[in-house]
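Residue numbers (the UniProt record's numbering): 1 to 323. In this text, a Cβ means the ideal position worked out from N, Cα and C, and glycines have one as well.
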Amino acid sequence: MTIRILSWCADSFTHEADDLRGADEDLLAHAKERMEFRLSQVSAQLKTVLETDTGSWDHTFVTLPEFFWNTRWSNVHSEDDIMKLGDFYMSNVSDYVNRLIDAFPARSGDPSSAITFLAGTCAILYRDDDESEKTPCHDAVFHAVNWLLCGQNTRSDKSLTMWPKRYVSTIDFFPQTDGHAIPRHISAQLPDGQIIHIGDSSEVSAESLHGIVVTDYFTNTYAGDKPFSIDICLDYFTQGNVRPAGWEQRIAELQSKNSDIDFLIACGMPVSDPPQNPGGVKFLVRNDGMPVASQCQAWSFSAGRATPVAATIPTANFVRFLL
1 MTIRILSWCA DSFTHEADDL RGADEDLLAH AKERMEFRLS QVSAQLKTVL
51 ETDTGSWDHT FVTLPEFFWN TRWSNVHSED DIMKLGDFYM SNVSDYVNRL
101 IDAFPARSGD PSSAITFLAG TCAILYRDDD ESEKTPCHDA VFHAVNWLLC
151 GQNTRSDKSL TMWPKRYVST IDFFPQTDGH AIPRHISAQL PDGQIIHIGD
201 SSEVSAESLH GIVVTDYFTN TYAGDKPFSI DICLDYFTQG NVRPAGWEQR
251 IAELQSKNSD IDFLIACGMP VSDPPQNPGG VKFLVRNDGM PVASQCQAWS
301 FSAGRATPVA ATIPTANFVR FLL
């Protein structure tokens with residue numbers, strides 16, 4: 001079986017140079033403009049790849065990096081901005097992912113045209129009023145939701161499956177501050193000077209939407225019944241060949257408990273050289289959006305050894321691997 005990987009290699013930390021909210025610009029209008037731009041850019045380049053990259057393979061994965069749909073956090077000035085932007089993303093990200101998938105339908109009777117989209121992540125913060133009342137000076141406490149939507153172009157409806165990030169990194173949101181630190185939280189300062197506290201982990205669990213049916217697992221199969229898995233940035237952690245704490249809880253959120261291909265969707269999460277393989281997968285694919293070191297990489301595992309997979313660059317941003 002030959003699997004084609006098309007990974008989007010771009011800065012998803014500070015994003016484009018013009019991802020700058022004007023002094024009088026509405027935040028939600030700016031966020032929508034950025035999402036439209038990125039959807040258009042990815043769609044145009046993917047169209048080029050699919051039209052020119054001829055060959056024979058059994059399945060294609062398209063991957064986008066962590067924070068792909070977000071505007072940079074320096075554009076979010078206040079607590080009110082945080083809450084408005086969170087509502088906006090929760091209401092709109094699935095529509096953009098559906099538009100991307102629907103633009104590239106599978107061809108009837110042609111299994112090689114099947115695509116699984118790992119459509120990047122979007123991160124939001126929501127306020128916990130009960131915890132906020134308990135903090136020194138009643139500072140606002142927020143919890144993060146950083147989620148990836150996955151869908152396949154062979155679907156007959158708008159089915160999507162969601163995989164959430166568990167651990168929150170100190171670089172995910174606003175600059176850190178030492179003021180009023182509280183345990184298991186990251187203290188940060190907003191552009192307007194307000195101090196907030198962000199929980200260092202999330203309790204959000206995987207979900208899938210199949211028509212009108214919602215299930216409490218991530219649908220992680222392709223080409224019929226072949227399994228894959230996803231780690232979002234800090235959730236990917238290995239020490240030697242030991243699985244990380246809480247591994248069993250995450251496995252329980254997968255429809256298939258096995259995995260042939262593990263995808264690291266990240267923004268600033270390096271892997272060891274050579275990468276370790278505690279999960280026993282056959283391949284590891286990394287799509288990292290950290291600027292300067294922005295990397296798309298892949299490895300195959302055989303007899304306990306990791307071998308880099310050669311890459312080609314068919315467009316300005318897409319990197320192609322054949323597994």
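Item                                                                                                             : Value
Beta carbon of D191 nearer than 8 Å to that of S91                                                               : In the sequence as presented, Asp is not what sits at residue 191; that position holds Pro. Going by C-beta atoms, P191 is not nearer than 8 Å to S91.
Inter-residue Cα distance where the pair is V97 and D273                                                         : 33 Å
Per DSSP, cross-strand counterpart(s) of G199                                                                    : H185
Start and end residues, alpha helix (DSSP H) containing F301                                                     : First-last for F301: Q295 to S302, but that is the beta strand (DSSP E), not the alpha helix (DSSP H).
Exposure label - H138; buried when at least 16 CB within 10 Å                                                    : exposed
Same chain only: Cβ atoms within 8 Å of G279, ignoring 5 sequence neighbours per side                            : S229, R243, S259 and D262
Cβ distance (whole Å) where H59 is taken to contact A223 below 8 Å                                               : 4 Å
For E207: DSSP bridge partner residues                                                                           : M162
For A103: DSSP bridge partner residues                                                                           : DSSP output for A103 lists no bridge partner at all.
Whole-angstrom C-beta distance between N220 and L254, which should lie under 8 Å                                 : 5 Å
Inter-residue Cα distance where the pair is L64 and K134                                                         : 38 Å
For C9, the three-state DSSP class (helix, strand or coil)                                                       : coil
Distance CB(Q176)-CB(S78) smaller than 8 Å                                                                       : no
The stretch 153-169 contacting the stretch 44-57, beta-carbon criterion three pairs below 8 Å                    : no
Segment limits, beta strand (DSSP E) that includes T121                                                          : I115 to R127
Residues that L264 bridges to, as DSSP identifies them                                                           : D231 and R286
Close-in-space but distant-in-sequence residues of the same chain around R320 (CB under 6 Å, 5 per side omitted) : L6, T312 and P314
Minimum C-alpha distance to S94 - residue among A303, P270, L209 and K282                                        : L209
Pick from E25, P275, E203 and R250 that is closest to N146, judged by C-alpha positions                          : E203
Burial state of T2, where buried means 16 or more other Cβ atoms lie within 10 Å                                 : exposed
Beta-carbon proximity list for W163, same chain, < 6 Å, skipping 5 on both sides                                 : L148, A206, F218 and I230
CB of L27 within 8 Å of CB of D81, strictly                                                                      : yes
First through last residue of the alpha helix (DSSP H) which encompasses F142                                    : It is not in any alpha helix (DSSP H) - F142 instead sits in the beta strand (DSSP E) that spans A140 to Q152.
Cβ-based burial, Y89 [other Cβ within 10 Å; buried from 16]                                                      : buried
Those residues which DSSP pairs with P191 across a bridge                                                        : DSSP output for P191 lists no bridge partner at all.
Test item: CB-CB of L323 and S300 under 8 Å                                                                      : yes
Exposure label - I212; buried when at least 16 CB within 10 Å                                                    : exposed
DSSP state of residue 352 mapped onto helix, strand, coil                                                        : The question about residue 352 has no answer, for the chain in this structure spans 1 to 323.
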